[in-house]
Ligand code: F6P
């Protein structure tokens with residue numbers, strides 16, 4: 002029986018479990034033997050392989066995190082680590098590998114493909130910063146988590162007539178901030194891709210107060226240099242009470258939304274189908290409302306753009 006393996010790597014994203022379930026169930030359905038590798042690329046090096054059964058992925062579709070665990074393997078970044086990973090796969094008689102994760106995972110998969118492994122990548126990252134991908138698994142859940150927090154903060158912000166700065170994740174990108182800021186009705190959205198002077202932020206705050214606003218919500222992406230220094234500047238310039246909430250890892254956990262479960266289910270099944278068809282070294286992408294495949298070598302060279310028009314829409318709608 003032909004064997005394949007699956008791993009999750011890098012920052013976990015809600016929906017990874019649903020993707021693992023889809024891979025395992027569709028592989029077994031098609032007569033394949035499936036191994037789950039624990040702790041991502043690290044588990045490839047340490048040979049932590051688990052034979053997966055239909056029941057091993059029961060009751061996980063609704064859970065955040067990943068039952069396969071994950072890590073950011075420093076050893077795998079070295080050539081020696083990667084060749085050990087390659088040897089482990091050979092030892093288990095595995096030629097086909099499905100990797101689930103963000104940019105680092107896709108890069109890791111690409112490196113393994115250069116060593117002769119047939120790799121299919123499933124994009125899963127709350128950051129939504131993967132080239133060619135409209136929505137990666139986990140993004141929708143993370144944005145909804147931020148939205149829930151904005152709604153709650155809005156209540157107390159109005160009650161006290163305060164300014165609130167909410168810092169969200171996204172590493173060097175502003176996709177979470179932009180989506181949550183627009184849908185949460187934030188007055189100002191700050192992202193690393195667009196520099197907005199603090200004077201302009203303060204001017205908007207003052208305009209809002211003048212027209213009777215009871216509060217102000219600023220959503221700032223973590224890549225902008227931190228919410229606390231910004232709060233201090235705004236406090237200094239306005240004399241107004243300015244509170245900070247850093248949402249941090251709350252954005253990574255939680256039960257995945259229907260969108261993330263659907264993406265994960267479709268992509269997991271497609272990944273197995275691609276391997277069965279002899280396809281290799283591709284990433285599956287949800288693009289323009291359909292699933293397409295992109296060569297790994299193109300993905301790693303690509304860059305995901307941000308739609309700056311969304312900032313303008315959010316600005317106009319929050320006057
Ligand atoms: O890539 C996902 C992400 O949550 C980023 O938004 C964040 O910058 C990073 O991972 C945090 O990583 P860690 O959990 O390893 O600190």
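In the numbering used here, the protein residues as written are 2 to 320.
Here a beta-carbon is modelled for each residue, glycine too, at the ideal position from N, C-alpha and C.
Check, Outcome
"Run the CB neighbour count on residue 229, radius 10 Å, all protein chains shown included, and call it buried at 16 or more, exposed below.", "exposed"
"Just the Cα atoms here: how many angstroms apart are residue 326 and residue 139?", "In the structure displayed, the chain extends from 2 to 320; residue 326 sits before or after that span and is not available."
"Let's see if you can read the secondary structure: which residues bound the beta strand (DSSP E) around residue 196?", "Note, residue 196: premise wrong, no beta strand (DSSP E); not H, not E."
"May I ask you to report which of helix, strand or coil DSSP gives residue 7?", "strand"
"Hey, could you find the ends of the beta strand (DSSP E) residue 97 is sitting in?", "97-102"
"When we look at the beta-carbon of residue 26 and count the other beta-carbons within 10 Å, is it buried (16 or more) or exposed?", "buried"
"Please tell me whether, using a cut-off of 6 Å, the distance from the CB of residue 17 to the nearest non-hydrogen atom of the ligand F6P is below it.", "no"
"Look at the alpha carbon of residue 176 and the alpha carbon of residue 2, and state the distance between them as a whole number of angstroms.", "43 Å"
"Just grab the DSSP bridge partners of residue 291 for me.", "288"
"If we require 3 or more residues per run, which beta strand (DSSP E) segments fall completely within the region 61-149?", "97-102 and 119-124"
"Could you check whether the Cβ of residue 170 sits closer than 6 Å to any heavy atom belonging to the ligand F6P?", "yes"
"Just to check my reading of the structure: residue 127 and residue 14 have Cβ atoms closer than 8 Å, yes? What is that Cβ distance to the nearest angstrom?", "5 Å"
"Output needed for residue 72: all residues of its chain with C-beta closer than 6 Å, excluding positions within five of it in sequence on either side, in chain order.", "40, 41 and 43"
"Roughly how many whole angstroms lie between the Cα atoms of residue 88 and residue 234?", "54 Å"
"Relative to the C-alpha of residue 216, which candidate in 105, 206 and 224 has its C-alpha closest?", "206"
"Please determine if the region 173-187 and the region 144-162 are in contact, where contact requires at least 3 C-beta pairs separated by less than 8 Å.", "yes"
"Work out the CA separation of residue 6 and residue 35 for me, nearest whole Å.", "5 Å"
"Suppose contacts are defined by Cβ-Cβ distances below 7 Å. Is residue 31 in contact with residue 277 by that definition?", "yes"
"Please determine whether the Cβ atom of residue 128 lies at a distance below 6 Å from any heavy atom of the ligand F6P.", "yes"
"For the beta strand (DSSP E) containing residue 246, name the first residue and the last one.", "243-247"
"With hydrogens ignored, establish whether the beta-carbon of residue 12 is closer than 6 Å to any heavy atom of the ligand F6P.", "yes"
"In whole angstroms, what separates the C-alpha of residue 259 from that of residue 163?", "34 Å"
"Can you tell me whether residue 319 is helix, strand or coil according to DSSP?", "coil"
"Looking at residue 203: is its Cβ nearer than 7 Å to the Cβ of residue 168?", "no"
"Which value, in whole angstroms, describes the spacing of the CA atoms of residue 232 and residue 271?", "46 Å"
"Pick helix, strand or coil for residue 34, following the three-state DSSP scheme.", "strand"
"Going by DSSP, what residues sit across from residue 189 in a beta bridge?", "219"
"Does residue 310 come out as helix, strand or coil in the three-state DSSP assignment?", "helix"
"Can you give me the Cβ contacts of residue 46 inside the same chain, cut-off strictly under 6 Å, excluding the 5 residues immediately before and after it?", "76, 82, 85 and 86"
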